[in-house]
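Take 3 as the starting number for the sequence shown in the numbering used here and just add one per residue.
Glycine included, C-beta positions come from ideal geometry on N, C-alpha and C.
For reference, the structure is listed below as structure tokens.
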Amino acid sequence: MSGNIELLNTTLAAAKAEDRAALIAYLPAGFPTVDGGIEAVKAVVAGGADIVEVGLPHSDPVLDGPVIQTADDIALRGGVRIADVMRTVREAHEATGVPILVMTYWNPIDRYGVERFTAELAEAGGAGCILPDLPVQESALWREHADKHGLATVFVVAPSSQDARLATITAAGSGFVYAASLMGVTGTRASVGAQAQELVVRTRATTELPVCVGLGVSNAAQAAEVAGFADGVIVGSAFVKAMLDAPDEAAGLDAVRSLAGDLAVGVRKR
């Protein structure tokens with residue numbers, strides 16, 4: 003069975019045709035529970051998210067800040083497994099029809115087996131993977147299997163990436179390019195900053211792929227700012243914090259649905 007890279011491509015193209023940025027929401031699988039995580043994905047899509055990244059919880063995340071680390075710890079202590087991540091992708095995609103990607107560090111895939119992981123993700127209806135710690139020069143095996151199964155390979159670029167390195171990364175990727183707005187880990191910030199816009203300009207000079215910006219966006223005003231220069235606005239920690247701060251799961255789902263609604267308005271005010 004083929005994965006949903008084409009759905010991802012058409013979703014991003016549709017947002018561009020509407021002269022707006024796509025809203026991409028991140029939520030970890032298994033948080034607060036596996037069932038609760040699936041409901042959270044449904045809630046952000048109901049609020050207005052175009053695309054969802056489902057995080058594969060990891061005990062040593064190098065890109066994720068304290069908010070997502072806390073959620074990952076809850077998921078891991080709850081016993082979440084890769085099978086639960088695949089179930090989250092499957093049920094969330096079936097319920098919403100939007101592209102669902104998995105964001106994961108390389109070690110779990112390496113241990114699980116690249117062919118097994120890509121085949122199962124495609125069978126679940128996944129659109130691809132975001133792989134923040136997989137070096138491009140070591141990605142040939144992954145890309146071979148991802149291509150075979152119709153999955154996007156999304157690499158992360160950062161303000162520190164030199165132009166030649168950007169060209170190498172974007173040439174190997176598919177779906178979109180994840181531009182980290184600043185150096186550091188995920189988390190909400192008061193300002194996204196000019197670094198992000200400069201990075202988008204430099205990245206676009208190397209590729210026709212959409213460039214989507216993440217790290218730091220937490221409200222409609224910031225979403226509108228980033229939507230002014232990026233093809234997609236990626237929001238993670240703000241959704242996770244809304245779930246963490248809620249008194250119960252029902253309130254958490256209401257909170258993420260409402261936040262997605264505000265952000266969806268923001269990306270349309272570019």
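Legend entry - Rounded distance between the beta-carbons of residue 176 and residue 7, thought under 8 Å: Indeed they touch by this definition, with Cβ atoms about 7 Å apart.
Legend entry - C-beta atoms of residue 222 and residue 264 nearer than 7 Å: The answer is yes: Cβ separation under 7 Å.
Inset, instruction - Please classify residue 68: does DSSP put it in a helix, a strand, or coil? - result: Correct three-state label for residue 68: helix.
Inset, instruction - Determine, using beta-carbon pairs with one atom in the segment 42-52 and one in the segment 211-229, whether at least three such pairs fall under 8 Å. - result: When Cβ pairs closer than 8 Å are counted between the two stretches, the segment 42-52 is seen not to touch the segment 211-229, the count staying below three.
Inset, instruction - Output yes or no for whether 7 Å exceeds the beta carbon distance between residue 127 and residue 86. - result: In this structure, residue 86 does not lie closer than 7 Å to residue 127 by Cβ.
Inset, instruction - Could you confirm whether any beta carbon from chain D is found closer than 7 Å to the beta carbon of residue 216? - result: Looking for chain D here will not work: only one protein chain is present.
Inset, instruction - Taking residue 5 as the reference, give the member of 78, 147, 254 with the closest Cα. - result: For residue 5, the closest C-alpha among the options 78, 147, 254 is that of 147.
Inset, instruction - Can you tell me the Cβ-Cβ gap for residue 107 and residue 135, rounded? I've got them flagged as a contact below 8 Å. - result: Indeed, because the Cβ distance is near 5 Å, the residues count as touching under 8 Å.
Inset, instruction - Pair every Cβ in the segment 230-249 with every Cβ in the segment 206-216, then say whether three or more of these pairs are closer than 8 Å. - result: Short answer: they touch.
Inset, instruction - Following the continuous alpha helix (DSSP H) through residue 211, name the residue where it begins and the one where it ends. - result: Here residue 211 belongs to no alpha helix (DSSP H), and DSSP marks it neither H nor E.
Legend entry - residue 154, DSSP secondary structure in three states: Here residue 154 carries a strand assignment [DSSP, helix/strand/coil].
Inset, instruction - State the DSSP-derived secondary structure class of residue 237, mapped to helix, strand or coil. - result: In the structure shown, residue 237 falls within a strand segment according to DSSP collapsed to helix, strand and coil.
Legend entry - Own chain, CB closer than 6 Å to residue 192, minus 5 neighbours either side, in chain order: Here the model assigns residue 192 a pLDDT of 49, short of 50, so the residue's position is not dependable, and the following value carries that caveat. By the criterion of a C-beta distance shorter than 6 Å, residue 192 is surrounded by no residue of its chain, once the five residues flanking it on both sides are discounted.
Inset, instruction - Go to residue 175, then tell me how far its alpha helix (DSSP H) extends in each direction, as first and last residue. - result: Where residue 175 is concerned, there is no enclosing alpha helix (DSSP H), because DSSP gives it neither an H nor an E.
Inset, instruction - Would you list the residues sitting across from residue 96 in a DSSP beta bridge? - result: Assignment of beta-bridge partners to residue 96 by DSSP yields no partner.
Legend entry - Residues that DSSP places opposite residue 81 in a beta bridge: Beta-bridge pairing links residue 81 to no other residue.
Inset, instruction - Using beta-carbon positions only, say whether residue 132 and residue 103 come within less than 7 Å of one another. - result: In this structure, the beta-carbon distance from residue 132 to residue 103 falls below 7 Å.
Legend entry - Nearest neighbour of residue 182, chosen from 162, 154, 173 [CA to CA]: If we check each option's Cα against that of residue 182, 162 comes out closest.
Legend entry - Extent of the continuous beta strand (DSSP E) to which residue 107 belongs: Judged by DSSP secondary structure, residue 107 falls outside any beta strand (DSSP E); it is assigned neither H nor E.
Inset, instruction - Can you have a look at residue 200 and say buried or exposed, based on whether 16 or more other CB atoms are within 10 angstroms of its CB? - result: Exposed, by the Cβ-count rule.
Legend entry - residue 152 to residue 68 span [Cα, whole Å]: Here the C-alpha atom of residue 152 lies approximately 33 Å from the C-alpha atom of residue 68.
Legend entry - Nearest residue (CA-CA) to residue 125, options 156, 24, 92: Of all alpha-carbon atoms in 156, 24, 92, the one lying nearest the alpha-carbon of residue 125 is that of 92.
Legend entry - residue 25 - DSSP class collapsed to helix/strand/coil: Looking at residue 25 - three-state DSSP - the assignment turns out to be strand.
Inset, instruction - Output the distance between the C-alpha atoms of residue 73 and residue 105, rounded to the nearest integer angstrom. - result: If you take the alpha carbons of residue 73 and residue 105, they lie about 14 Å apart.
Inset, instruction - Could you check which residue in 173, 16, 77 has the C-alpha nearest to that of residue 138? - result: Ranking the options by Cα distance to residue 138, first place goes to 173.
Inset, instruction - Give a yes or no on whether the C-beta atoms belonging to residue 241 and residue 219 are separated by under 7 Å. - result: No, Cβ-Cβ distance for residue 241 and residue 219 is not below 7 Å.
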